[in-house]
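Reading through the structure tokens given below for one structure.
Residue numbers (my numbering): 280 to 503.
Take a look at the structure:
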């Protein structure tokens with residue numbers, strides 16, 4: 280990916296390449312000691328390989344790619360894999376997050392996930408974007424959303440969540456401050472049309488001091 284002598288070192292902290300036709304990550308060793316921010320959006324990348332050469336990387340943006348598996352995230356604090364063709368094998372959903380103890384921001388919107396699980400080791404995760412990923416429920420066999428005790432922001436807009444009892448899986452998230460089931464850009468969930476949506480949200484999620492329940496504010500305004 281980087282031209283020139285592969286043995287020569289560079290001191291780049293940020294690299295942004297958009298819509299360049301890249302198909303792989305390679306030749307990153309020259310910037311390994313300094314690179315903190317890497318954006319490779321709208322490419323044709325299918326695998327996250329060669330990233331072990333970037334020990335300082337904290338922010339990674341790979342939206343609009345063709346990545347099918349997440350791997351090697353233990354050194355990163357920010358990840359975006361949005362608007363791509365992201366799919367996971369049945370037995371390896373987010374499996375590489377088992378070592379992601381430093382991960383703080385994870386963007387997976389507009390992918391093909393149907394479950395949110397195997398995130399239990401991401402104990403410092405604070406921001407999770409899961410819009411448009413076809414999720415029906417928040418319950419997980421292991422490592423689900425309910426285990427993300429440091430989570431502050433959770434966006435679930437435009438999924439297929441419809442049962443107000445799903446709020447129970449968020450009750451333990453004492454750090455949660457922003458929760459979105461509907462927004463103007465991504466859309467909504469069936470849950471926001473439930474007659475008990477507002478009451479369940481207020482009663483169950485008392486820790487959310489500034490929830491972004493746009494539809495609740497709308498309904499209240501119309502009722503008045």
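Don't be surprised by glycine CBs; every beta carbon is placed ideally from N, CA and C.
Since the structure is predicted, the reported quantities are computational estimates derived from the model, not experimental observations.
Buried or exposed for residue i, going by 16 or more other Cβ atoms inside 10 Å?
i, result
"residue 472", "exposed"
"residue 309", "buried"
"residue 405", "buried"
"residue 454", "exposed"
"residue 488", "Here the model assigns residue 488 a pLDDT of 49, short of 50, so the residue's position is not dependable, and the following value carries that caveat. Exposed, because fewer than 16 other Cβ atoms sit within 10 Å of the Cβ of residue 488."
"residue 389", "buried"
"residue 394", "buried"
"residue 290", "exposed"
Report the CB separation of residue i from residue j in whole angstroms; it is logged as a contact under 8 Å.
i, j, result
"residue 457", "residue 482", "That pair is no contact at about 18 Å."
"residue 392", "residue 412", "4 Å"
"residue 435", "residue 410", "7 Å"
"residue 427", "residue 452", "7 Å"
"residue 318", "residue 295", "4 Å"
"residue 476", "residue 443", "6 Å"
Near residue i, which residues of its chain fall below 7 Å by C-beta distance, leaving aside the five closest residues on each side in sequence?
i, result
"residue 292", "313, 314, 315 and 316"
"residue 466", "436 and 437"
"residue 275", "Because the chain spans 280 through 503 in this model, residue 275 falls outside it and cannot be assessed."
List the endpoints of the continuous alpha helix (DSSP H) containing residue i.
i, result
"residue 481", "476 to 483"
Only counting the same chain, and skipping five residues up and downstream in sequence, which positions put a Cβ closer than 6 Å to that of residue i?
i, result
"residue 417", "424, 445 and 448"
"residue 322", "301 and 344"
"residue 415", "439"
"residue 298", "321"
"residue 332", "307, 308 and 311"
"residue 408", "386, 388 and 434"
"residue 450", "483"
How is the beta strand (DSSP E) around residue i delimited, first residue to last?
i, result
"residue 406", "406 to 408"
"residue 318", "316 to 318"
"residue 294", "293 to 295"
"residue 457", "457 to 459"
"residue 339", "338 to 340"
"residue 434", "432 to 434"
"residue 385", "384 to 386"
Report all residues from its chain with a CB closer than 8 Å to the CB of residue i; omit the five preceding and five following residues, and keep chain order.
i, result
"residue 469", "439, 440 and 441"
Is residue i near the ligand FAD, judged by its Cβ being under 7 Å from some heavy atom?
i, result
"residue 437", "You won't find the ligand FAD in this model; it holds no ligand whatsoever."
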